[in-house]
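Undergrad: In this text, residue positions in the sequence shown follow our numbering: the first is 3, and each later residue adds one. Here a beta-carbon is modelled for each residue, glycine too, at the ideal position from N, C-alpha and C. Model, not experiment: these values are computed from the prediction. I'd like to ask some things about the structure below.
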Amino acid sequence: MVFLFVIAFLVIVNIPNKTKSEDNSGIPTVFVHGYKGTANSFGTMLERFTENGWGKKKLMYYVSSNGKVHDYYSKGDTSNPFIQIILQNNRASFADSTEWLATALRHLKKNYGVDTVNLVGHSMGGIISTKYTIEYNDSAYPNVNKLIVIGSPFDGIYSEEYFQVHHDPAATDLKPKSLALRLFKESRFPNHISVLSIGSTGDAIAFPDSVNAVNKVIPARQLKKIMIENEGLGHSTLHESVDVDSMIHSFLWQDGTQ
3 MVFLFVIAFL VIVNIPNKTK SEDNSGIPTV FVHGYKGTAN SFGTMLERFT ENGWGKKKLM
63 YYVSSNGKVH DYYSKGDTSN PFIQIILQNN RASFADSTEW LATALRHLKK NYGVDTVNLV
123 GHSMGGIIST KYTIEYNDSA YPNVNKLIVI GSPFDGIYSE EYFQVHHDPA ATDLKPKSLA
183 LRLFKESRFP NHISVLSIGS TGDAIAFPDS VNAVNKVIPA RQLKKIMIEN EGLGHSTLHE
243 SVDVDSMIHS FLWQDGTQ
């Protein structure tokens with residue numbers, strides 16, 4: 003089943019066979035989807051980034067539910083590479099999802115020689131990217147240069163109706179006051195990493211108060227928060243917004259600290 007999925011996946015995204023002979027210049031930026039996310043979650047954003055000349059998607063990781071990593075490398079310019087990570091089980095717990103992200107990033111360091119990355123996560127992808135930054139900081143894994151979290155509910159999802167439909171491990175962890183969130187907030191975030199949090203007043207999943215609870219995990223001196231005042235900008239359209247594109251571009255590549 004996984005083999006057939008991977009073959010179909012390659013046809014859809016049309017990524018050429020990988021090669022490891024090309025040099026990795028610049029800091030790769032890794033994009034991590036959220037709860038129930040797919041390759042489409044950041045797909046059109048990365049297309050816009052490429053059209054803007056900000057970089058190119060060079061690598062895609064598909065991590066199966068048993069933790070096996072499949073990597074697909076695209077030849078060409080590597081001056082500002084984008085990497086997309088897709089988790090087969092996109093409804094798993096914070097702990098499992100973070101472990102699978104770490105597995106992919108460990109492979110990235112071992113096989114492609116990448117020592118440092120930027121991380122961009124949407125929704126729960128922002129939470130697991132933050133957890134990776136906290137928990138996987140030894141020499142086997144890439145260091146995190148900068149972290150961006152988009153529509154990430156650090157205080158959980160406040161809608162009771164949401165949990166009448168969703169009953170999987172991720173949903174359990176996303177409940178306010180869940181054990182996973184309580185333990186997460188007790189973690190100590192590294193003191194040298196800059197973080198950008200982006201939210202929207204129109205987000206009916208990650209409410210502004212929950213998004214702003216990022217400051218319970220990340221110290222204020224390291225944190226820049228942007229709350230977009232737009233009632234029409236919902237949870238799943240945050241990564242389709244050109245305004246969000248510009249915020250990411252400015253934070254990662256225009257402040258002179260890449």
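Do you know how far the Cα of residue 223 is from the Cα of residue 195?
TA: What you label residue 195 is simply residue 193 of the sequence shown in a count that begins at 1. What you label residue 223 is simply residue 221 of the sequence shown in a count that begins at 1. Cα-Cα distance, rounded: 10 Å.
Undergrad: By DSSP, does residue 191 sit in helix, in strand, or in coil?
TA: For the purposes of this step, residue 191 is taken as the residue at position 189 of the sequence shown. Coil.
Undergrad: DSSP three-state call for residue 200: helix, strand or coil?
TA: Numbered from 1 along the sequence shown, position 198 holds the residue referred to as residue 200. In this structure, residue 200 counts as strand in the three-state DSSP scheme.
Undergrad: Could you tell me which uninterrupted beta strand (DSSP E) segments, each at least 3 residues in length, are contained entirely in the region 41-114, listed from first to last along the chain?
TA: If we require 3 residues or more, the beta strand (DSSP E) runs fully inside the region 41-114 come out as 58-65, 71-75 and 83-89.
Undergrad: Among 256, 66, 124 and 214, which residue has its Cα nearest to the Cα of residue 42?
TA: Numbered from 1 along the sequence shown, position 40 holds the residue referred to as residue 42. Nearest of 256, 66, 124 and 214 to residue 42, Cα basis: 124.
Undergrad: If residue 117 sits next to residue 83, beta carbons under 8 Å apart, how far is it from one beta carbon to the other, in whole angstroms?
TA: By 1-based counting over the sequence shown, the position of residue 117 is 115. By 1-based counting over the sequence shown, the position of residue 83 is 81. Incorrect: roughly 13 Å between the Cβ atoms, too far for contact.
Undergrad: Helix, strand or coil for residue 120 per DSSP?
TA: In the sequence shown, the residue the question calls residue 120 occupies position 118. Strand at residue 120.
Undergrad: Would you tell me roughly how many angstroms separate the C-alpha atoms of residue 103 and residue 130, rounded to the nearest one?
TA: As a working mapping, residue 103 is identified with position 101 in the sequence shown. As a working mapping, residue 130 is identified with position 128 in the sequence shown. Answer to the nearest angstrom: the Cα atoms are 8 Å apart.
Undergrad: Within the same chain, show all residues whose beta-carbon is closer than 8 Å to that of residue 190, passing over the 5 residues directly before and after it, in chain order.
TA: In the sequence shown, the residue the question calls residue 190 occupies position 188. Closer than 8 Å at the Cβ level, and outside the excluded window around residue 190, lie 136.
Undergrad: DSSP three-state call for residue 147: helix, strand or coil?
TA: On the sequence shown, position 145 is the one that residue 147 refers to. If DSSP states are grouped into helix, strand and coil, residue 147 belongs with the strands.
Undergrad: Rounding to the nearest angstrom, what Cα-Cα distance links residue 188 and residue 220 in this structure?
TA: Within the sequence shown, residue 188 is the residue found at index 186, counting from 1. Within the sequence shown, residue 220 is the residue found at index 218, counting from 1. For residue 188 and residue 220, the distance between alpha carbons rounds to 11 Å.
Undergrad: Among 45, 168 and 158, which residue has its Cα nearest to the Cα of residue 179?
TA: In the sequence shown, the residue the question calls residue 179 occupies position 177. Of the listed residues, the one whose Cα sits closest to residue 179 is 158.
Undergrad: By Cβ distance, which residues of its chain are closer than 8 Å to residue 105, with the 5 residues on each side in sequence left out?
TA: As a working note, residue 105 is residue 103 in the sequence shown. Around residue 105: 65, 69 and 71.
Undergrad: Could you round the C-beta distance between residue 34 and residue 153 to whole angstroms and report it? I think they count as a contact, below 8 Å.
TA: Here the question's residue 34 lines up with position 32 in the sequence shown. Here the question's residue 153 lines up with position 151 in the sequence shown. Rounded, the Cβ-Cβ distance is 13 Å, inconsistent with contact.
Undergrad: Got a sec, what are the start and stop residues for the beta strand (DSSP E) residue 32 sits in?
TA: Counted from its first residue, the sequence shown places residue 32 at position 30. Its beta strand (DSSP E) spans residues 31-34.
Undergrad: For residue 63 and residue 99, I'd like the C-alpha separation in whole angstroms.
TA: Here residue 63 refers to the residue found at position 61 of the sequence shown. Here residue 99 refers to the residue found at position 97 of the sequence shown. Straight-line Cα distance between these residues: approximately 14 Å.
Undergrad: Measure the CB-CB distance between residue 200 and residue 246 and report whether it falls below 7 Å.
TA: Walking along the sequence shown from the start, residue 200 turns up at place 198. Walking along the sequence shown from the start, residue 246 turns up at place 244. Taking 7 Å as the Cβ cut-off, residue 200 and residue 246 qualify as a contacting pair.
Undergrad: Grab me the residues of residue 46's own chain with a C-beta within less than 7 Å of its C-beta, minus the 5 sequence neighbours each way, in chain order.
TA: For the purposes of this step, residue 46 is identified with residue 44 of the sequence shown, where counting begins at 1. Correct list, in chain order: 242.
Undergrad: May I ask you to report which of helix, strand or coil DSSP gives residue 218?
TA: As a first step, residue 218 must be located in the sequence shown, where it is residue number 216. The answer is helix: DSSP assigns residue 218 an H, G or I state.
Undergrad: Take residue 193 as the anchor and find which of 230, 149, 205 and 210 has the nearest alpha-carbon.
TA: Walking along the sequence shown from the start, residue 193 turns up at place 191. Comparing Cα-Cα distances from residue 193 to each of 230, 149, 205 and 210, the minimum goes to 149.
Undergrad: Ends of the beta strand (DSSP E) at residue 225?
TA: In the sequence shown, counting from the first residue as 1, residue 225 sits at position 223. Taken as a continuous stretch (DSSP letters only), the beta strand (DSSP E) holding residue 225 covers 225-230.
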